[in-house]
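Below you'll find the structure, written out as structure tokens, and then a few comments.
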Amino acid sequence: MIKWLSLTILIFCFACTNDDIFKNEKAGFTNIYKNILLRSLSIEEKKIPSSKTVYNKKWLSKYSQPIIALSSPNHTDRATLVALGNQNDKLTWVSADGLSVSFDNGILIATRGYSQDLMESHSEGINSIFNQITKAHHKTYRYLNGQNEYREMKFSCTMAYKEGIAFSLLDLTLNTTKFTESCKSGPSQHTNIYYVLPNTNIVLKSQQWISETNGYIDIYNYYAFQGNI
Amino acid sequence: MHNTYGMPGNIDTPTAEVFPEGQFSVSSSVFGGTIRTTLSFQITNGITLSFRYSRIPSALGDYDGYFWDRSFDFHYLLNRQTKYFPSVAIGLRDFIGTGLYTGEYLVATKNITKDVKLSGGLGWGRLSGKNNQPNIFGIGNERVSRSIGFGGTIHTDHFFSGTNSPFFALSYSLSPRFEIIAEMSSDDYDMEVSSSKGIKRRNDLNFAVKYLVAPDFSLMGKLMHGETFGLSGVLTLNPRNSPYKSGIETAPMPLLDDRIILQDQQSMDPDIFSRSEDLLELDGINLLTLRIVKKDTLEVEIEDRNYLDVAQMVGRATRILSKTVPVQVQVFKLKLIDFQSSFKVTEVVIMRNAIRENELAFDGPEKLWSAVTFKNPSPTISKDQGFVGKKTIWSIYPDIDIMLFDPHFPINGSIGWEAKLSHRLRNSMTINSSIKQPIITGLDNIKRGPKEGLPNVRSDYMYYYRDIGTKPYLANLTIDQYFKPFKTIYSQLNLGYLEMMYAGVRSETVWKDTNKPYGLGLDLAIVKKRNTYGDFSLIDSNYTTIIGSFYYDLSSDWNFKLDAGKYLAGDYGGTLSLFRTFNNGWEIGAYATITDVEFSTYGEGSFEKGITLKAPLSWFTGKKSKAYRQTIIKPISGDGGARLYLENDKFLYERIKIYGKKSFKDNWKRFYR
Chain U
-12 MIKWLSLTIL IFCFACTNDD IFKNEKAGFT NIYKNILLRS LSIEEKKIPS SKTVYNKKWL
48 SKYSQPIIAL SSPNHTDRAT LVALGNQNDK LTWVSADGLS VSFDNGILIA TRGYSQDLME
108 SHSEGINSIF NQITKAHHKT YRYLNGQNEY REMKFSCTMA YKEGIAFSLL DLTLNTTKFT
168 ESCKSGPSQH TNIYYVLPNT NIVLKSQQWI SETNGYIDIY NYYAFQGNI
Chain C
-19 MHNTYGMPGN IDTPTAEVFP EGQFSVSSSV FGGTIRTTLS FQITNGITLS FRYSRIPSAL
41 GDYDGYFWDR SFDFHYLLNR QTKYFPSVAI GLRDFIGTGL YTGEYLVATK NITKDVKLSG
101 GLGWGRLSGK NNQPNIFGIG NERVSRSIGF GGTIHTDHFF SGTNSPFFAL SYSLSPRFEI
161 IAEMSSDDYD MEVSSSKGIK RRNDLNFAVK YLVAPDFSLM GKLMHGETFG LSGVLTLNPR
221 NSPYKSGIET APMPLLDDRI ILQDQQSMDP DIFSRSEDLL ELDGINLLTL RIVKKDTLEV
281 EIEDRNYLDV AQMVGRATRI LSKTVPVQVQ VFKLKLIDFQ SSFKVTEVVI MRNAIRENEL
341 AFDGPEKLWS AVTFKNPSPT ISKDQGFVGK KTIWSIYPDI DIMLFDPHFP INGSIGWEAK
401 LSHRLRNSMT INSSIKQPII TGLDNIKRGP KEGLPNVRSD YMYYYRDIGT KPYLANLTID
461 QYFKPFKTIY SQLNLGYLEM MYAGVRSETV WKDTNKPYGL GLDLAIVKKR NTYGDFSLID
521 SNYTTIIGSF YYDLSSDWNF KLDAGKYLAG DYGGTLSLFR TFNNGWEIGA YATITDVEFS
581 TYGEGSFEKG ITLKAPLSWF TGKKSKAYRQ TIIKPISGDG GARLYLENDK FLYERIKIYG
641 KKSFKDNWKR FYR
């Protein structure tokens, strides 16, 4: 009996194949059984890798492509993204570890690589959102559910602003207008914050909501300071 | 919300509630010598079905003082509660088969406050053991007796007949995790109290505490009928709620405008095939051929081994090709190649500009859909497939074989190893083999013998397990040749040792138009029985099967399959299979085979039937994968309606249909993921 048990253990240890896809599939199923047994079916959230870089104009001058940075709201994780897509002024930025975020007029309109991606969105008056701030506006966010169908969230939002806010980015301190967008959809609500250069639509920094699972990200627009690119 | 029967209920009694649509639950309940293990499924918003395997103590128990019994329940929510009216449900308990738990009920449930819930109902059959009242429908107080025959069949005469008894329950939620319940149950546990191993019934009352350990796992401790303590555990899973939402694969390549494409292409490998192949490989897609015709049309053949969701795969492939091919190319024609057979299964034609214009548009995938067409590709096998990747693939992995529902060993099985070797002789021809060895096994000591009345084509399986014991054996060894003689005809020939019990030749031909949600199939086999030792020798007994199939993938989340023809034992009949499907690859189904064999000749169970469950790996990991696990839960096999046991990848329709237009449409919203 001991002989057979030992052999079984040996086989488990040496379970192998020359085919990577088959190996990944086997490992995937083994992990499922392990998770069920250990009751630890937890989501592996994609972490933005942290960085200890000093972000100043010297650092920015190293880049020959447009860049932005993302960070978690608690500033523990940060990543630099380069612009790879440009469709009718909608810009898509990509990180080295496979995240992408798309913006229209500084407003987040889509993400990819997060567990609950913002697949698509529509905001009323997105092009004049920082100019006509008296009206309430609506926006729709769409996510994929487990059936590959859209789960739609329709938000009613209001925008408030405060002028003359000093804001530091790189080694500069700038005068900005701070816009606060408060949105509600049933029990779900979020508040996006934008620091905008006065009399422009240039968002220097923002904190924007992605989804219930992924929460907020902070976005730093270094591209605004890469005048020579 | 699960009772000890794994159905919507309190402790032992039902409630007029339902689970979330699509939810699977596995529950197990232990008390007073009784064990109930139930798989339940919320098949629609109102209908709950369950399959249960129970150990029931009884003085008449035929296995060591117990019955081991399978049972099916049906529960239907007639209406949901409103401000003033309760929800009402009707249910049939153990309505197929031997009927040890048979009972029917009408139940109403109402939340008195947010945390207090009151249920009350009337029960018939087993649920009218105590406190009986005259039948409210006036159809007599004698329960109509059932002729159970050999089990496995539905009889309706006894439904709601005989006396009925009231039952009540009150529950209070102390917190979102804690619930306390008290109920008055009318079940007299007649069989169980007859045995010293069973429950002691002192009164009509049950009390319980339920605790939600995690969102998908709950426990219930209970005191049953005054003296017996018990414990239940429930594990739930809803295919609609993927733990990884839209998945955790890396972001796809963004689409670029022409100016940037031209800039980028200057720094790329000048060979378009090579630069496309490298980038596609990063996304797990194999590029087999690439050519540009008439300057504006790109024709590629790509092979898919990774994506269950082919819409996402085509989305990623076209994004990459948009970056690598000249900007003058405006039409993309992608021929999709099945890895195993090298069949060209579908040609997707898509306009390059439309992909870009709709990438970040609201309703982008819907708008793009109008710019896509699907065609049946040419009647050839891809010539280039075999040159990608390895021609020989081998693996050695642990192997577990589980066998359920033998009353002597309700859960039996073996653990050992399996070595697989696959070698591609030509693009359309492969040798596949599998050797297994059970190391620890309980299958070599199965007590029951073959059934009588029909040629033993399946019910003598125990001789194979007995003679193989713990020795290595050839599970299968086949030469598989694939043909595609016409645009919509796919065919294969399997020659060799097809499964543990049979060797011979089998051919399958499928008609499938990529634009149609249905297909036809013809499966022919001429086989000999293999020696029970799993070696190369054969027994001189010939069998044939001739089975035609009709497949239909309904626009709702249901598929059905109808098979008809001659089965292994020479019997003629048909199999109806019905599947509830989810776009993410989950599938639960049931099948039943009725042939010209009398139920009495078939023996226990009356006819061949089972439940199938298919779970995709990608749902659990959030990463791309075509892999899935399929489980068939079925009673001990008989000889009537028997077919060959072939591996899943030996069935063409399932492999081809995921490349059909319907599959693309169902999952099109993932195109840009």
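One line per chain: the protein sequences are U and C, in this order.
Residue numbers for the first sequence follow the working numbering, so the first one is -12 and each next one is one higher.
Residue numbers for the second sequence follow the working numbering, so the first one is -19 and each next one is one higher.
Ideal placement from N, C-alpha and C gives every residue a C-beta, glycine not left out.
No experiment lies behind these values; they were computed from the predicted model shown.
Test item: CB-CB of residue i and residue j under 8 Å
i        : j          : result
Gly501/C : Tyr633/C   : yes
Gly553/C : Asp576/C   : yes
Ser5/C   : Leu215/C   : yes
Gly621/C : Glu584/C   : no
Ile568/C : Phe21/C    : yes
Ser30/C  : Gly(-11)/C : no
Thr63/U  : Ile54/U    : no
Glu107/U : Gly344/C   : yes
Leu157/U : Tyr42/U    : yes
Thr178/U : Thr164/U   : no
Arg299/C : Phe312/C   : no
Asp447/C : Thr524/C   : no
Leu95/U  : Gln195/U   : yes
Lys202/C : Gly213/C   : no
Asn102/U : Gly109/C   : Per the sequence shown, the amino acid found at residue 102/U is Ser instead of Asn. No, the pair does not count as a contact, with Cβ atoms beyond the cut-off.
Residue i in three-state terms, based on DSSP
i          : result
Gln292/C   : helix
Thr661/C   : What is shown of chain C runs -19 to 653, which leaves residue 661/C out entirely.
Ile55/U    : strand
Thr681/C   : Since the first residue of chain C shown is -19 and the last is 653, residue 681/C is not available in this structure.
Val173/C   : helix
Tyr108/C   : Checking the sequence shown, residue 108/C turns out to be Ser, not Tyr. Helix, per DSSP.
Thr78/C    : coil
Lys33/U    : Bear in mind that a pLDDT of 49 at Lys33/U, under 50, signals an unreliable position, so the model cannot answer this.
Lys275/C   : coil
Tyr681/C   : Examination of residue 681/C is not possible in this model, given that chain C is present from -19 through 653 alone.
Ile380/C   : strand
Phe466/C   : strand
Trp397/C   : strand
Asp76/U    : coil
Ser198/U   : strand
Leu28/U    : In this predicted model, Leu28/U has a pLDDT of only 45, less than 50, meaning its place in the structure is not dependable enough to derive any value.
Leu423/C   : helix
Ala83/U    : coil
Lys645/C   : helix
Thr4/U     : strand
Gly618/C   : coil
Tyr444/C   : helix
Asn222/U   : Because chain U spans -12 through 216 in this model, residue 222/U falls outside it and cannot be assessed.
Glu139/U   : strand
Tyr209/U   : helix
Tyr(-15)/C : coil
Identity of the residues DSSP links to residue i by a beta bridge
i        : result
Val190/U : Val183/U
Leu71/U  : Paired residue(s): none; Leu71/U is not in a bridge.
Thr450/C : Its beta-bridge partners do not exist; DSSP assigns none.
Asp91/U  : Lys77/U and Ile94/U
Glu159/C : Ser153/C and Lys190/C
Tyr287/C : According to DSSP, which records beta bridges pairwise, Tyr287/C is partnered with nothing at all.
Ile373/C : Ser402/C
Ser175/U : Ser172/U
Thr216/C : Ser5/C
**OP:** Identify each residue in the stretch 206 to 226 of chain C for which the Cβ-Cβ distance to at least one residue of chain U is less than 7 Å, and report them in chain order.
**Re:** Listed by position along the chain: Pro219, Arg220, Asn221, Ser222, Pro223, Tyr224, Lys225 and Ser226.
Subject >> Contiguous beta strand (DSSP E) assignments of at least 3 residues, all confined to the stretch 476 to 564 of chain C >> reply: Complete beta strand (DSSP E) runs here, min 3: 482 to 492, 498 to 510, 518 to 533, 538 to 546 and 552 to 561.
**OP:** Using a Cβ-Cβ cut-off of less than 7 Å, give me the residues of the stretch 376 to 396 of chain C that come near chain U, in sequence order.
**Re:** Going along the stretch 376 to 396 of chain C in chain order, one finds Ile376, Tyr377, Pro378 and Ile395 with a Cβ nearer than 7 Å to chain U.
Subject >> Continuous beta strand (DSSP E) assignments of at least 3 residues falling wholly in the stretch -7 to 40 of chain C >> reply: Within the stretch -7 to 40 of chain C, the complete beta strand (DSSP E) runs of at least 3 residues are 4 to 11, 14 to 22 and 27 to 37.
Subject >> Contacting positions in the stretch 131 to 160 of chain U - beta carbon closer than 8 Å to chain C >> reply: Taking 8 Å as the Cβ-Cβ cut-off against chain C, the residues of the stretch 131 to 160 of chain U that qualify are Leu131, Asn132, Gly133, Gln134, Asn135, Glu136 and Tyr137.
**OP:** Closer than 9 Å, Cβ to Cβ, to anything on chain U: give me those residues from the stretch 327 to 355 of chain C, in chain order.
**Re:** Correct list: Arg336, Glu337, Glu339, Leu340, Ala341, Phe342, Asp343, Gly344 and Pro345.
Original post:
Got a sec: which bits of the stretch 553 to 586 of chain C sit with their beta carbon under 9 Å from any beta carbon on chain U, in order along the chain?
Top reply: From the stretch 553 to 586 of chain C, only Phe562, Asn563, Asn564 and Trp566 have a Cβ closer than 9 Å to chain U.
Original post:
What residues in the stretch 76 to 90 of chain U have a beta carbon less than 7 Å from any beta carbon of chain C?
Top reply: Lys77, Thr79, Val81, Gly85, Leu86, Ser87 and Ser89: these are the residues of the stretch 76 to 90 of chain U whose beta carbon lies less than 7 Å from some beta carbon of chain C, given in chain order.
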